[in-house]
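The structure appears below as structure tokens.
Protein chains: 2
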Amino acid sequence: MVKQQRAVRTRRALIRAAAEAFTQDGFASASLAAISRRAGVSSGALHFHFESKSALAQAVEDEATDTFARITREVAPDGKNPLQGLVDATHVLMHHIAEDAVVRAGFALCRDATRENDAALRRAWERWVEDALGRAERAGQLAEGAAVTEAVTAIVAATVGFEVLGSAQERWLSREAVTRLWVLLVPRIARQHALDTISCGPSEPGSAPRLPAAPHQK
Amino acid sequence: MVKQQRAVRTRRALIRAAAEAFTQDGFASASLAAISRRAGVSSGALHFHFESKSALAQAVEDEATDTFARITREVAPDGKNPLQGLVDATHVLMHHIAEDAVVRAGFALCRDATRENDAALRRAWERWVEDALGRAERAGQLAEGAAVTEAVTAIVAATVGFEVLGSAQERWLSREAVTRLWVLLVPRIARQHALDTISCGPSEPGSAPRLPAAPHQK
Numbered sequence: 001m002v003k004q005q006r007a008v009r010t011r012r013a014l015i016r017a018a019a020e021a022f023t024q025d026g027f028a029s030a031s032l033a034a035i036s037r038r039a040g041v042s043s044g045a046l047h048f049h050f051e052s053k054s055a056l057a058q059a060v061e062d063e064a065t066d067t068f069a070r071i072t073r074e075v076a077p078d079g080k081n082p083l084q085g086l087v088d089a090t091h092v093l094m095h096h097i098a099e100d101a102v103v104r105a106g107f108a109l110c111r112d113a114t115r116e117n118d119a120a121l122r123r124a125w126e127r128w129v130e131d132a133l134g135r136a137e138r139a140g141q142l143a144e145g146a147a148v149t150e151a152v153t154a155i156v157a158a159t160v161g162f163e164v165l166g167s168a169q170e171r172w173l174s175r176e177a178v179t180r181l182w183v184l185l186v187p188r189i190a191r192q193h194a195l196d197t198i199s200c201g202p203s204e205p206g207s208a209p210r211l212p213a214a215p216h217q218k
Numbered sequence: 001m002v003k004q005q006r007a008v009r010t011r012r013a014l015i016r017a018a019a020e021a022f023t024q025d026g027f028a029s030a031s032l033a034a035i036s037r038r039a040g041v042s043s044g045a046l047h048f049h050f051e052s053k054s055a056l057a058q059a060v061e062d063e064a065t066d067t068f069a070r071i072t073r074e075v076a077p078d079g080k081n082p083l084q085g086l087v088d089a090t091h092v093l094m095h096h097i098a099e100d101a102v103v104r105a106g107f108a109l110c111r112d113a114t115r116e117n118d119a120a121l122r123r124a125w126e127r128w129v130e131d132a133l134g135r136a137e138r139a140g141q142l143a144e145g146a147a148v149t150e151a152v153t154a155i156v157a158a159t160v161g162f163e164v165l166g167s168a169q170e171r172w173l174s175r176e177a178v179t180r181l182w183v184l185l186v187p188r189i190a191r192q193h194a195l196d197t198i199s200c201g202p203s204e205p206g207s208a209p210r211l212p213a214a215p216h217q218k
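Line by line, the protein sequences give chains D and V.
Each step along the first sequence adds one to the number in the UniProt record's numbering, with nothing skipped, and position 190 is 190.
Each step along the second sequence adds one to the number in the UniProt record's numbering, with nothing skipped, and position 100 is 100.
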């Protein structure tokens with residue numbers, strides 16, 4: 001049992017170390033030797049858990065996808081204010097990209113040309129934004145004739161841009177940057193009565209974005 | 001003289017081949033052998049022109065930067081309608097990213113973790129967007145209390161996002177996608193009288209975006 005717990009811990013340390021290495025050096029340049037060293041385990045231990053660098057990248061992406069699913073599930077539990085749920089989700093997601101090496105690497109791997117991939121995580125985010133705006137529309141939160149297609153395009157593109165720009169300059173992932181996007185967009189898409197219920201910062205004013213703990217931080 | 005012209009042609013072919021290889025495989029995975037083969041020249045010729053893969057990447061970035069400078073200089077020659085100039089510049093830039101391998105690679109190299117770089121091209125774009133909005137403000141085109149800082153953030157982030165998303169799916173670089181962004185933003189930032197002068201598509205309705213020819217296509 002103790003042995004099993006240690007194996008779980010080692011696996012997590014390797015995923016985290018791989019995430020850091022992929023983000024810093026890119027998939028092609030990150031070496032397995034540097035990853036095992038960073039994780040503080042032997043290269044034998046690495047190969048026991050992961051048969052290749054691709055398998056490690058897949059594990060990083062899987063964990064980032066789990067965290068993403070948790071974020072989008074937890075930000076809007078009651079579903080009464082889907083537009084606020086969308087605003088909150090962008091805040092929490094950007095905060096995770098800034099603070100959580102695995103989520104950050106998960107998105108960076110989606111745009112790493114040195115690795116074959118179908119950008120599944122990024123596509124999941126695109127779909128979620130589209131669905132969230134659809135829920136806001138059905139809940140009567142969007143203005144008559146609101147530019148929904150335009151909003152999907154702008155929100156997906158801007159948040160993908162935040163991720164890329166944030167990998168060089170952290171300020172692009174800040175609450176301030178995300179709030180600026182919504183200050184611009186919310187008055188353009190929300191119905192008057194909904195406007196009063198939307199906070200462009202995270203929905204609890206003055207508080208930090210609510211952050212479900214990432215599993216490897218537990 | 002003929003020899004000199006051939007040297008210029010070979011150099012251009014190498015830059016173009018390198019751009020295609022970097023975009024397809026990433027900087028770290030692109031091989032010099034594949035680049036010289038793609039350019040239809042010997043590896044000796046490649047080494048005559050470029051001492052390393054880094055030197056090739058630098059040449060790609062330099063040429064992309066030249067094209068970028070030309071685009072931003074030519075889209076708004078009279079400066080009477082700086083907001084339209086900004087709209088047009090985003091259309092022409094995205095069209096170039098879609099169609100011109102060197103410009104596409106120049107931006108992709110800015111976010112390639114396998115290569116040391118200061119993202120100079122992307123930062124030039126950020127500064128240009130900020131300056132263009134400043135010109136629009138001084139020309140009285142922006143609404144009273146318009147969210148200028150917010151607009152800079154949203155426009156830079158969204159266009160960077162278009163570039164990244166477009167590297168997987170071309171539709172993100174289309175006139176339709178860029179127009180959707182502006183349909184959303186222009187009414188939020190432009191003064192009423194300016195609104196009537198702005199086309200969210202390229203400024204000549206029905207026409208293709210005006211595209212200065214890239215130097216290697218001449």
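Backbone N, C-alpha and C fix where the C-beta goes; we use that ideal spot for every residue, glycine too.
Candidates the options: closest to residue i by CA position
i, options, result
"V:L14", "V:S36, V:T23, V:S31", "V:S36"
"D:E144", "D:H193, D:R115, D:L181", "D:H193"
"V:W48", "V:I97, V:V8, V:A113, V:I198", "The question names Trp, but residue 48 of chain V is Phe in the sequence shown. Taking only the C-alpha atoms, the option nearest V:F48 is V:V8."
"D:G134", "D:R70, D:H96, D:I97, D:A190", "D:A190"
"V:A64", "V:A119, V:E137, V:D196", "V:A119"
"residue 275 of chain V", "V:S167, V:V41, V:N117, V:F27", "Residue 275 of chain V lies beyond the stretch modelled for chain V, which goes from 1 to 218, so this question has no answer here."
"V:E51", "V:E74, V:R11, V:L121", "V:R11"
"V:V178", "V:D196, V:T197, V:V156, V:E116", "V:V156"
"D:K80", "D:R111, D:A105, D:W125, D:A136", "D:A136"
"D:I198", "D:T72, D:L86, D:R38, D:Q5", "D:L86"
"V:A105", "V:V2, V:D62, V:K3, V:C200", "V:D62"
"D:R124", "D:I71, D:L195, D:R16", "A small correction: the amino acid at residue 124 of chain D is Ala; Arg does not occupy that position in the sequence shown. Checked all of D:I71, D:L195, D:R16; the closest Cα to D:A124 is D:I71."
"D:E176", "V:V41, V:E150, V:L121, V:D131", "V:E150"
"V:L121", "V:D131, V:V2, V:K3, V:Q58", "V:Q58"
Cut-off 6 Å between Cβ atoms - residues of its own chain near residue i, not counting five sequence neighbours on either side
i, result
"V:A208", "Its pLDDT being 43, under 50, V:A208 is placed unreliably by the model, and the measurement read from it follows with that caveat. Cβ neighbours of V:A208 beyond the five flanking positions: none."
"D:A18", "I35, L56, V60"
"V:A214", "In this prediction, V:A214 has a pLDDT of 40, which is less than 50 and means its spatial position is unreliable; nothing more can be read from the coordinates."
"V:A139", "P82"
"D:A146", "I189"
"D:T153", "none"
"V:V183", "C200"
DSSP beta-bridge partners of residue i
i, result
"V:A190", "V:L142"
7 Å CB neighbourhood of residue i in its chain, flanking five on each side removed
i, result
"V:L181", "A158"
"D:L32", "S43, L46, K53"
"D:A108", "F22, T23, S167"
"D:V148", "L133, E137, L142"
"V:E116", "none"
"V:Q5", "none"
"D:V41", "T10, A13, L14"
"V:E126", "V156"
Anticipated Cβ contact below 8 Å, residue i with residue j, distance rounded
i, j, result
"V:L83", "V:Q141", "5 Å"
"V:A113", "D:Q24", "7 Å"
"V:V75", "V:A98", "Not really, about 16 Å apart at Cβ, beyond 8 Å."
"V:V164", "D:R111", "5 Å"
"V:A28", "D:A69", "Actually they are not in contact, since the Cβ atoms of V:A28 and D:A69 sit about 31 Å apart, beyond 8 Å."
"V:G161", "D:V160", "4 Å"
Cβ neighbours of residue i in the same chain (closer than 8 Å, five flanking residues each side left out)
i, result
"D:T30", "According to the sequence displayed, residue 30 of chain D carries Ala and not Thr. Within the same chain, D:A30 has close Cβ partners A18, A21, F22, Q24, K53."
"D:R16", "A39, A101, V102, H216"
"D:L173", "M94, H95, I97, A98, F162, E163, G166"
"D:L195", "V186, P187"
Closer than 9 Å to chain C by CB, residue i
i, result
"V:D112", "This model lacks chain C altogether, as its protein chains are D and V."
- With a floor of 4 residues, list each alpha helix (DSSP H) that falls wholly inside the stretch 112 to 171 of chain D, ordered by position along the chain. Runs found: 120 to 138, 148 to 166.
- alpha helix (DSSP H) runs wholly inside the UniProt domain "HTH tetR-type" (8 to 68) of chain D, at least 4 long, in chain order: Listed in chain order, the complete alpha helix (DSSP H) runs (minimum 4 residues) inside the UniProt domain "HTH tetR-type" (8 to 68) of chain D are 32 to 39, 43 to 49.
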